[in-house]
Amino acid sequence: MKIVLIGQPNCGKSTIFNHLAGYKAITSNFPGTTVKFHESRFRLKGEEIHCIDLPGSYSLSSPEPAEREARRFLLTQQYDVIVNILDASLLGRGLELTLELLELEKPMVLVLNMMDEAERKGIVIDEKKLSQILGIPVVKTIAYKGQGLTEMIEAVIKAKAENLKGNLISFSRDVEEIISEVMEELKRRSNTTHIPLRFLAIKLLEGDEEFLKLGGDGLEEFRKKLEKRHERPSDLVIASERHALAMTIAEHASKVLTVPKLSLGDRIDDWLLHPIFGYVFLILIFLGVFLTIFQLGKFLEEPLIGFFDSLEESFSRFFPEGGLKALFQGAYQGFSSGIGIVLPYLLPFLFFISLLEDSGYLPRVAFLVDSFMHKIGLHGKSVLPFVLGYGCSVPAVMATRILESERDRVLTSILVLFVPCAARMVVISGLVSYFLGPFRALLVYFVNLMVIALSGAILSKLYKEITPGLVLEVPPYRFPPLRITLKKVWFRLKEFIGIAWPLLVVGSSFLAFLQHLGLEDLLNKIFLFITHPLGLPKELGVTLLLGILRKELALLMTFQALGTRDVPQLMTPSQIMTFVLFVTFYIPCLATLAALWREIGWRWTLKGVAFSFSIAFLIGLLARLVL
Amino acid sequence: MRLDEVDPGKTVRVLSIEGGRGVRKKLSDLGILPGEVIKVVRSAPLFGPLMVSGRNGTFFIGRGMAKKVVVEEVI
Chain A
1 MKIVLIGQPN CGKSTIFNHL AGYKAITSNF PGTTVKFHES RFRLKGEEIH CIDLPGSYSL
61 SSPEPAEREA RRFLLTQQYD VIVNILDASL LGRGLELTLE LLELEKPMVL VLNMMDEAER
121 KGIVIDEKKL SQILGIPVVK TIAYKGQGLT EMIEAVIKAK AENLKGNLIS FSRDVEEIIS
181 EVMEELKRRS NTTHIPLRFL AIKLLEGDEE FLKLGGDGLE EFRKKLEKRH ERPSDLVIAS
241 ERHALAMTIA EHASKVLTVP KLSLGDRIDD WLLHPIFGYV FLILIFLGVF LTIFQLGKFL
301 EEPLIGFFDS LEESFSRFFP EGGLKALFQG AYQGFSSGIG IVLPYLLPFL FFISLLEDSG
361 YLPRVAFLVD SFMHKIGLHG KSVLPFVLGY GCSVPAVMAT RILESERDRV LTSILVLFVP
421 CAARMVVISG LVSYFLGPFR ALLVYFVNLM VIALSGAILS KLYKEITPGL VLEVPPYRFP
481 PLRITLKKVW FRLKEFIGIA WPLLVVGSSF LAFLQHLGLE DLLNKIFLFI THPLGLPKEL
541 GVTLLLGILR KELALLMTFQ ALGTRDVPQL MTPSQIMTFV LFVTFYIPCL ATLAALWREI
601 GWRWTLKGVA FSFSIAFLIG LLARLVL
Chain B
1 MRLDEVDPGK TVRVLSIEGG RGVRKKLSDL GILPGEVIKV VRSAPLFGPL MVSGRNGTFF
61 IGRGMAKKVV VEEVI
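Protein chains in written order, with this note's numbering: chain A, 1 to 627; chain B, 1 to 75.
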């Protein structure tokens with residue numbers, strides 16, 4: 001049985017998906033976390049279930065690319081049951097999408113999620129009545145607790161078995177008249193699309209370009225008739241109809257018992273969104289997070305590295321001098337650096353970023369910095385990919401799909417490459433914070449922000465176009481249960497353990513072996529065109545090459561290339577800063593390049609690479625001269 | 001009056017939405033439709049966005065977008 005999860009942004013779809021499928025999709029408390037499909041197969045109640053989690057969609061006519069994808073999937077793919085999830089605390093709004101989904105005439109189940117939040121708001125929903133009106137099973141859930149999910153699956157099985165496609169709910173009479181006329185007209189033309197006739201007719205009346213392309217010529221008269229009667233654009237007529245209908249159904253099926261006064265969230269907002277203190281808190285929160293990571297990391301790193309170094313000596317004794325020993329030492333260094341140098345910074349970082357994502361604070365950052373973002377030719381919504389970029393550039397590049405205009409997506413994708421991801425954070429912590437102190441590390445972040453702002457200003461001058469402006473939902477503040485945060489940390493950590501760590505071991509032994517054979521000199525000579533003008537030790541050439549594979553390698557290979565972990569012995573503070581700044585900006589890692597290629601095409605990817613390399617080189621030169 | 005001219009704390013009724021399809025769609029998805037009553041909760045400094053709440057929830061709306069919404073004050 002194939003089921004599709006769909007709902008409006010931030011309704012908890014992915015949380016339900018994760019509960020069913022095991023933790024496979026990143027969830028967070030801001031709209032638009034799921035920008036691609038997640039799929040999973042599992043057995044439940046004796047059924048083999050193939051479950052697809054679609055990107056959150058406000059409606060089936062949104063211009064955003066992620067939502068377009070969701071609609072295309074619903075119209076073109078084979079599946080058995082639509083599972084429509086909505087945020088019960090926003091019942092009326094959620095039903096607008098439900099009404100549209102009913103027009104697809106597929107077996108369907110409605111899931112009222114976040115029942116606890118609805119209850120807190122004093123909303124009581126009569127799900128039996130709702131089910132009667134809509135003609136489909138309705139179940140209540142609290143996804144993060146796993147409540148109601150068994151009932152949900154039972155309802156899904158029932159919907160399929162009894163082919164419960166629900167009722168088509170009628171708009172006002174005059175609108176219905178025109179819809180039937182269009183349907184008649186379509187029938188006469190004997191259109192052989194697989195798209196349900198009523199759905200198609202409504203979309204054509206709305207003037208939806210994608211459907212007009214399929215054959216909407218000669219239907220203008222109907223649209224004009226509708227517009228004339230209601231004195232507004234046809235898409236607004238339909239939207240208003242659907243809105244009014246959804247609100248009426250919601251009023252029939254629910255009651256608001258208590259009207260909550262000023263909620264805690266509103267009071268928090270008074271501070272966090274304050275015209276002055278809002279910015280003070282913003283700076284304090286980010287400074288606090290990074291300083292904690294740097295200090296905690298250093299505190300953990302020292303004893304761990306000491307322990308591993310002492311072990312290495314006792315192990316190495318078993319190997320005779322020669323290639324095998326070099327290989328072993330290289331592999332051991334890669335392995336131990338993974339635990340000793342990467343994890344102490346990566347773990348707390350992943351923990352904080354997960355907390356921030358789930359708290360609901362990030363969209364509020366978009367509100368605070370929107371006017372600054374306009375100065376660099378973007379708007380506040382681009383902040384979400386940027387903040388994700390501090391975790392990893394790959395999801396950040398993918399998150400640009402929440403932006404409406406192509407220009408914004410391209411610009412944000414390129415700028416997001418400069419945001420130091422967790423791997424680069426490890427390089428910054430391991431070299432700058434560890435050897436030169438946490439404030440120098442913050443300086444790197446500060447320089448980074450300035451460069452991003454400046455590059456944004458330059459790029460937006462080159463690529464002029466008006467951005468459509470910010471429209472973003474404000475999610476409530478939530479304090480995620482520790483269990484969920486830890487799962488999320490583990491989900492992201494697996495990526496490091498499964499891909500980056502093995503690469504560290506292989507890269508490190510590879511380099512050790514090259515050194516043993518005396519070959520790394522050749523590679524270093526090739527990279528002299530970078531290391532020489534930047535005044536860096538020529539041994540670092542090869543680390544730059546490996547750094548493209550994974551950014552962490554730039555740090556660990558530095559130790560390997562210099563032959564010591566005591567970097568200040570061989571590099572001046574100015575050299576360390578120059579090197580780290582260069583590594584922060586230069587060519588993105590392979591995984592990011594692949595994501596970039598997919599999102600913005602190879603032309604822009606190449607331009608992005610050239611741009612980031614030039615910036616890196618420039619910043620490196622400046623750092624050499626100034627610092 | 002336009003939505004971007006409304007002082008924080010004031011409640012208004014939407015009269016019409018100007019601008020292209022894309023703008024209309026974005027706003028109507030959030031329940032900002034002619035006839036709806038919405039409240040401007042606060043605004044960010046330096047011509048930053050507005051925080052607006054209505055029956056469909058709470059949203060941030062940039063000044064440029066807000067300019068396209070024609071409203072009247074309700075008492």
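Beta carbons: idealized from backbone N, C-alpha and C, even for Gly.
Predicted, not measured: the structure shown is a model, and the values here were computed from it.
- The DSSP assignment places 108-113, 123-125 and 138-140 as complete runs of the beta strand (DSSP E) inside the segment 94-148 of chain A, in order along the chain (cut-off: 3 residues).
- For ILE615 (chain A), there is no enclosing beta strand (DSSP E); the residue is part of the alpha helix (DSSP H) that begins and ends at 590-626.
- The residues LEU95 and ILE133, in chain order, have a CB closer than 7 Å to that of ILE249 (chain A) in the same chain once the five nearest residues on each side in sequence are set aside.
- Interface criterion not met: the Cβ of PRO8 (chain B) is under 8 Å from no Cβ in chain A.
- Taking LYS551 (chain A) as reference, the option from A:PHE579, A:LEU212, A:LEU536 and A:LEU562 with the minimal CA-CA separation is A:PHE579.
- When DSSP states are grouped into helix, strand and coil, ASP87 (chain A) belongs to the strand group.
- Counting along the chain, no beta strand (DSSP E) covers MET577 (chain A); the unbroken alpha helix (DSSP H) around it starts and ends at 573-585.
- Neighbours of LEU130 (chain A) in chain B, taken as residues whose beta carbon is under 7 Å from its own, are absent, since the nearest beta carbon is some 18 Å off.
- Using a 10 angstroms sphere on the CB of ASN163 (chain A), the tally of other CB atoms stays under 16, which defines it as exposed.
- Under the 8 Å Cβ criterion, the segment 353-373 of chain A counts as touching the segment 474-488 of chain A, having at least three qualifying pairs.
- In terms of Cα proximity to LEU540 (chain A), the closest of A:LEU549, A:MET557, A:LYS213 and A:PRO533 is A:MET557.
- Shown here, HIS230 (chain A) sits in a helix according to DSSP, grouped into three states.
- Residues of the segment 40-64 of chain B that bring their beta carbon within less than 7 Å of a beta carbon in chain A comprise ARG42, ALA44, PRO45, LEU46, PHE47, GLY48, PRO49, MET51, ARG55, ASN56, GLY57, THR58, PHE59, PHE60, ILE61, GLY62 and GLY64, in sequence order.
- Here DSSP, grouped into helix, strand and coil, assigns MET1 (chain B) to coil.
- Nearest C-alpha to GLY62 (chain B) among B:PRO8, B:PRO49, B:GLY54 and B:GLY35: B:PRO49.
- A distance below 8 Å separates the beta carbons of GLU103 (chain A) and ARG198 (chain A).
- Check the Cα spacing between GLY9 (chain B) and each of B:ARG2, B:ARG42, B:PRO34 and B:LEU27: the tightest is with B:ARG42.
- Closest option to GLU67 (chain A), judged by alpha-carbon separation, among B:MET1, B:GLY20, B:LYS25 and B:ASP4: B:LYS25.
- Residue environment: VAL451 (chain A) is assigned as buried (16 or more neighbouring CB atoms within 10 Å of its CB, all protein chains considered).
- For THR193 (chain A), the secondary structure class from DSSP, reduced to helix, strand or coil, is coil.
- Here the alpha carbons of VAL365 (chain A) and MET65 (chain B) stand approximately 19 Å from one another.
- Secondary structure at PHE171 (chain A): coil, using DSSP grouped into helix, strand and coil.
- Residue state for ARG42 (chain B) is assigned as strand, using DSSP reduced to three classes.
- Counting other Cβ atoms within 10 Å of its Cβ, GLU36 (chain B) reaches 16 or more and is therefore classed as buried.
- Comparing alpha-carbon positions, the option among B:VAL69, B:LEU3 and B:ALA44 lying closest to GLY278 (chain A) turns out to be B:ALA44.
- Excluding the 5 residues flanking it on each side, ALA512 (chain A) has same chain C-beta neighbours closer than 7 Å at ALA326, LEU327, GLN329, GLY330 and GLN560, in chain order.
- According to DSSP, residue pairing for HIS38 (chain A) in a beta bridge involves A:ASP53.
- Taking 8 Å as the threshold, the shortest C-beta distance from ARG232 (chain A) to chain B falls below it.
- Residue pairing for PHE60 (chain B): DSSP places it in a beta bridge opposite A:LEU472 and B:MET51.
- Non-local C-beta neighbours of ILE202 (chain A) in its own chain, meaning closer than 7 Å and more than five positions away in sequence, comprise GLU103, ILE179 and ILE238, ordered along the chain.
- Looking from the CA of ARG424 (chain A), the closest CA among A:GLY380, A:ILE587 and A:SER460 belongs to A:ILE587.
- Taking a beta-carbon distance threshold of 8 Å, VAL609 (chain A) does not count as an interface residue toward chain B.
- Residues of chain A with a Cβ closer than 7 Å to the Cβ of ASP29 (chain B) are, in chain order, TYR58, SER59 and SER62.
- Interface annotation, ILE75 (chain B): not in contact with chain A, CB-CB separation never under 8 Å.
- For LEU459 (chain A), same chain residues with a beta-carbon under 6 Å away, outside a window of 5 residues either side, are LEU411 in chain order.
- Using a C-beta cut-off of 8 Å, the segment 370-377 of chain A makes no contact with the segment 586-601 of chain A, since fewer than three inter-stretch Cβ pairs fall below that distance.
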